[in-house]
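The block underneath contains the structure these notes are about, expressed in structure tokens.
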Amino acid sequence: MGGVDVHDQLRMQRYSVQLCYKTRKYYKTLFLGLLDMALVNAFIVYRYNKKVNNKRPPKHSVFMEELMVQLLAVDSDKVFTEIEQATSARDRTAASPARSEARQQMSGPEGAVDDGHQLEENPDTIDGVQGVKRRQRSCKVCALFKVKPRKFTKYFCPECSAGNKR
């Protein structure tokens with residue numbers, strides 16, 4: 001019997017993950033199908049290794065039970081720290097000039113923008129029917145790009161807003 005037939009027969013058994021869970025989301029069905037294929041392929045390789053070593057190959061159900069026991073025995077905190085250490089990109093890559101310049105710009109004072117602009121909280125208040133309110137100005141970026149609905153902010157740059165109540 002060919003490999004495709006064996007694979008299909010093993011996937012259609014009662015140990016199929018995809019057949020156990022019914023979902024309407026296509027991506028979940030796709031993921032469960034891929035997981036199912038990986039489990040069946042792992043069983044086929046495991047059974048082949050047992051045959052090569054002249055040992056009795058286990059049944060599919062025994063393999064699945066062993067796999068579940070091994071997965072439940074894994075210490076998740078230890079595994080996550082090992083994965084984090086193994087995949088840390090900052091340790092593997094050299095420092096680039098663009099990244100170091102960006103860090104220097106980020107380390108400036110809070111609220112500082114390029115060219116010495118400084119954001120300040122708007123001190124203006126309006127006495128209205130509902131009481132004293134703080135005036136809010138429309139955002140410069142939103143005003144330029146005409147985003148609707150209009151966005152308002154209580155922070156402004158005194159240099160950009162000189163004489164202009166936007």
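Mapping the sequence shown onto UniProt numbering, position 155 (from 1) lands on 155, and the numbers just tick up by one.
We treat Cβ as the ideally placed atom computed from N, Cα and C, and that holds for glycine.
Classify PHE43: buried if its beta carbon has 16 or more other beta carbons within 10 angstroms, exposed otherwise. Classification of PHE43: buried, given that the 10 Å Cβ count is 16 or more.
Which word fits LEU10, buried or exposed, when buried means at least 16 other C-beta atoms lie within 10 angstroms of its C-beta? Buried is the call here.
Going straight from the alpha carbon of SER76 to that of LEU35, what length do you get? Rounded to whole angstroms, SER76 to LEU35 spans 20 angstroms at the Cα level.
Determine the burial state of PHE80: buried for a count of at least 16 other Cβ atoms within 10 Å of its Cβ, exposed for fewer. The residue is exposed, with fewer than 16 neighbouring Cβ atoms inside 10 Å.
Report the rounded CA-to-CA distance for PRO58 versus ILE83, giving the unit in angstroms. Whole-angstrom Cα-Cα distance: 31 angstroms.
Quick one: what does DSSP say GLU159 is sitting in, helix, strand or coil? Of the three classes helix, strand and coil, the one that applies to GLU159 here is coil, per DSSP.
What residue does the alpha helix (DSSP H) around TYR48 start on, and which one ends it? Unbroken alpha helix (DSSP H) run through TYR48: 26-52.
So is GLN70 buried or exposed if we call it buried at 16+ other beta carbons inside 10 Å? When all chains shown are included, GLN70 counts as exposed.
Using 9 angstroms as the threshold, is the C-beta distance between residue 182 and MET64 below it? Not covered by the structure: residue 182. The range shown for the chain is 1 to 166.
Quick check: the Cα distance between LEU19 and ASP8, rounded to an integer number of angstroms? Going by C-alpha positions, LEU19 is about 13 angstroms away from ASP8.
Taking only the alpha-carbon atoms, compute the straight-line gap between VAL62 and GLN85 and give it to the nearest angstrom. VAL62 and GLN85: Cα-Cα distance of roughly 34 angstroms.
So, under 8 angstroms CB-CB, LEU32 and VAL17 are touching, yes? Tell me the CB distance rounded to an integer number of Å. Rounded, the Cβ-Cβ distance is 5 angstroms, consistent with contact.
First and last residue of the alpha helix (DSSP H) that includes LEU61? First, the amino acid is wrong: residue 61 is Ser here, not Leu. From DSSP, the alpha helix (DSSP H) with SER61 extends over 60-72.
From this set, ARG24, LEU72, HIS60, which residue's C-alpha is nearest LEU39's C-alpha? For LEU39, the closest C-alpha among the options ARG24, LEU72, HIS60 is that of HIS60.
C-beta atoms of GLU120 and CYS157 nearer than 9 angstroms: The answer is yes: Cβ separation under 9 angstroms.
Run of the alpha helix (DSSP H) containing THR81, from where it starts to where it stops: Residues 76-86.
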